[in-house]
Amino acid sequence: MKSTFAAAAALVGGVSAAAHGHGHAAFHGLERRMPAAADNGTCGCTTVYTTYHGKPTTIWPSPSAPPATSTYVPATVPTPIVHTVATPGVYTYPAEIVTLTQTITVPGVATYPPGTYTAPAVITTITDTKTIITCPFDHPTSTSSAAPPPAPTYQAVTYEAPPPPPAPTTTTVAAPPPPPPATYAPSSAPAEQPSYTPKPPTGGLGGNTAGKPWAITFTPYLPSGGGCMTREQVEASIAGFAAAGITTVRTYSTDCDTLSFVGDACRKHNVKMMIGVFVDSPGCQANHPSISEQIDAIAKWAQWDLVPLAIIGNEAMVNGYCTPGQIASLIQTAKSKWTGYNGPYTTADTVNIWERSDVTGALCNVVDVVGANAWAFFNLATSAEKAGTFVKGQLDIISKVCPGKTGYVLETGWPSAGKAMGAAVPGPSQQAAAIKSIIEECGDKVVVLSPFNDQWKDGNTACACEQHFGIGNVIGISGLPF
Numbered sequence: 039m040k041s042t043f044a045a046a047a048a049l050v051g052g053v054s055a056a057a058h059g060h061g062h063a064a065f066h067g068l069e070r071r072m073p074a075a076a077d078n079g080t081c082g083c084t085t086v087y088t089t090y091h092g093k094p095t096t097i098w099p100s101p102s103a104p105p106a107t108s109t110y111v112p113a114t115v116p117t118p119i120v121h122t123v124a125t126p127g128v129y130t131y132p133a134e135i136v137t138l139t140q141t142i143t144v145p146g147v148a149t150y151p152p153g154t155y156t157a158p159a160v161i162t163t164i165t166d167t168k169t170i171i172t173c174p175f176d177h178p179t180s181t182s183s184a185a186p187p188p189a190p191t192y193q194a195v196t197y198e199a200p201p202p203p204p205a206p207t208t209t210t211v212a213a214p215p216p217p218p219p220a221t222y223a224p225s226s227a228p229a230e231q232p233s234y235t236p237k238p239p240t241g242g243l244g245g246n247t248a249g250k251p252w253a254i255t256f257t258p259y260l261p262s263g264g265g266c267m268t269r270e271q272v273e274a275s276i277a278g279f280a281a282a283g284i285t286t287v288r289t290y291s292t293d294c295d296t297l298s299f300v301g302d303a304c305r306k307h308n309v310k311m312m313i314g315v316f317v318d319s320p321g322c323q324a325n326h327p328s329i330s331e332q333i334d335a336i337a338k339w340a341q342w343d344l345v346p347l348a349i350i351g352n353e354a355m356v357n358g359y360c361t362p363g364q365i366a367s368l369i370q371t372a373k374s375k376w377t378g379y380n381g382p383y384t385t386a387d388t389v390n391i392w393e394r395s396d397v398t399g400a401l402c403n404v405v406d407v408v409g410a411n412a413w414a415f416f417n418l419a420t421s422a423e424k425a426g427t428f429v430k431g432q433l434d435i436i437s438k439v440c441p442g443k444t445g446y447v448l449e450t451g452w453p454s455a456g457k458a459m460g461a462a463v464p465g466p467s468q469q470a471a472a473i474k475s476i477i478e479e480c481g482d483k484v485v486v487l488s489p490f491n492d493q494w495k496d497g498n499t500a501c502a503c504e505q506h507f508g509i510g511n512v513i514g515i516s517g518l519p520f
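Heads up: the sequence shown at position 339 corresponds to 377 in the working numbering, and the numbers run straight through without jumps.
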């Protein structure tokens, strides 16, 4: 519940991978241009290019007309040119010079006498390793006795490959400047625990006034949410508690002049004051300013005769602000600095947190009593009349988690307005019934919340009830300033 108190006090390159787009550049119509066949017997020659993934082989083009009836013996001119590459990429093979050493006749087309012929340059894109590109230049021979025509001249044709993709560039981003040195040094490792020899608690805990709880919570914030109470408003409140038989108040932190205003009023009206160190999201290290300022302020104040119990943290573990080890370290730090205080220490958290083995393992040897917040209203099966039974059951549980350590309920209550939570129904009569039940069952070990309906708390929770836990009139407190 105190998780809302802090709000009231605050009123015062990467490189692109596009280069791996696998844009394949297949031959897509790359062909050799030759003169068209003429009436005088001049012919063209077409070279077929095919990409094979495997052993080289010769591919015969499909004939466009029935072959000549003459007898011929196939011959391969020239020997196929084999290119082997090691890695994928784009390769340019220059024009090849092929020399014929015998006359080759293509039936019905042309006869090629010995001579020199230039095959066009070939640009080949390799998209897989170990691929062999074979460029056949094959023609069948013929027994025709026709006189050979002049050898055609082949112009080397150059095919331009697409430009290679730009080389990846690396953008160097300057690292941000280091942050300025912090005023504290948080660490994930457990803080070094100060040496401390526990002393037996002095005094007793619990109440003994019939019909009254042991204690009531009190924070010197204006119930309207407008800031801090004045010294006079604090004293009037404490005077009202004392007149109603309330012997102890529970405070949570040192803000709004809690130590001087509340401490002075408690001394004047013979009321005890539980002190607290509030821990929330800024940090859980003893040297964090939000914590060290509280510990140091209490050490300087040092009115230990007013203090029956020191509570370090309120629901700090269930809210994820602290680990059990960090809470243990904070308690040890407080013990080492509050040398004049011989009373008991604890932390306040929910019952289910105290039941965890990591919590008991870290805290049972550090705390003197076990403190828990137990809310019957948030148990959907509990009606107002059974609130006391529920709270007493929670008290029994926490009294067993640390052998030899007594349990106390440090927050409980029932709202007078809001939304029902299952069988738990808010309302003035239900609040009165619930508080009566709690006091009858275990009032001597219970701290109830609170004297006022505090508007600085969050009114938009699921129960819409946080602003309606004031019980001043229920337990007969009169003369309050609000």
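Note that beta-carbon positions come from the ideal geometry of N, C-alpha and C, so glycine has one too.
DSSP places E331 in the uninterrupted alpha helix (DSSP H) bounded by 327-339. Two segments are said to touch when three or more pairs of C-beta atoms, one from each, lie closer than 8 Å; by this definition the region 313-325 touches the region 355-369. The residue from G481, D387, G445 with its alpha-carbon nearest to that of G245 is G481. Just measuring C-alpha positions, the residue of T444, M459, E393 sitting nearest F415 is M459. Check the Cα spacing between C402 and each of E479, F428, I365: the tightest is with I365. Between I349 and V309, the C-beta spacing is not below 8 Å.
Bridge pairing for R288: T255, M312 [DSSP]. Under DSSP, Y383 shares a beta bridge with A348.
Nearest to G378 by alpha-carbon distance, out of V397, A337, L418, S395, is A337. In the DSSP assignment, E449 forms a beta bridge with N411.
In chain order, P464, H506 place their CB closer than 6 Å to the CB of A455, counting only its own chain and leaving out the 5 sequence neighbours on each side. Taking the CA atoms as reference points, G314 sits about 14 Å from N411.
With contacts defined by Cβ atoms closer than 8 Å, P489 and L518 form a contacting pair. Nearest to A354 by alpha-carbon distance, out of L347, L368, P346, is L368.
Our two residues, F520 and V484, have alpha carbons roughly 24 Å apart in a direct line. Between the region 415-428 and the region 284-301 there are fewer than three C-beta pairs closer than 8 Å, too few to call the two in contact. The three-state secondary structure of G127, taken from DSSP, is strand. The beta carbon of P466 sits closer than 6 Å to the beta carbons of S454 from its chain, once the five residues preceding and following it are set aside; these are given in chain order. Taking C-alpha positions only, K373 is separated from R269 by approximately 29 Å. Between the alpha carbons of D396 and A274 lies a distance of about 43 Å. In this structure, V272 keeps its C-beta atom at 8 Å or more from the C-beta atom of M311. Excluding its 5 nearest sequence neighbours in each direction, T420 has C-beta neighbours in its own chain below 7 Å: A414, F428, A461, A462, listed in chain order. Around the C-beta of A422, 16 or more other C-beta atoms lie within 10 Å, and the residue is accordingly described as buried.
For the set A502, W252, W494, the Cα lying nearest the Cα of P258 is the one of W494. Shown here, T361 sits in coil according to DSSP, grouped into three states, outside any helix or strand.
Nearest to T371 by alpha-carbon distance, out of D334, L297, V439, A400, is D334. If you compare the alpha carbons of P441, C503, V512, T296 with that of I476, the shortest gap goes to V512. Take A400, set aside five residues on each side of it, and the residues of its chain with a beta-carbon closer than 6 Å to its own are P362, G363, A366, in chain order. In terms of CA proximity to T384, V405 leads the group V405, F256, W376. Beta-bridge partners assigned by DSSP to A366: none are found.
Considering only P441, W339, Q469, T296, the residue with the shortest C-alpha distance to G451 is Q469. The Cβ neighbour count for D496, taken over all protein chains shown within 10 Å, is under 16; the residue is labelled exposed. By DSSP's assignment, A462 forms a beta bridge with M459. The region 464-512 contains, as complete beta strand (DSSP E) runs of 3+ residues, the segments 484-486 (chain order).
Within its own chain, the residues whose Cβ lies closer than 8 Å to the Cβ of V345, once the five positions on either side in sequence are excluded, are K310, M311, M312, I313, Y379, G381, listed in chain order. In the displayed model, T398 falls within a helix according to three-state DSSP.
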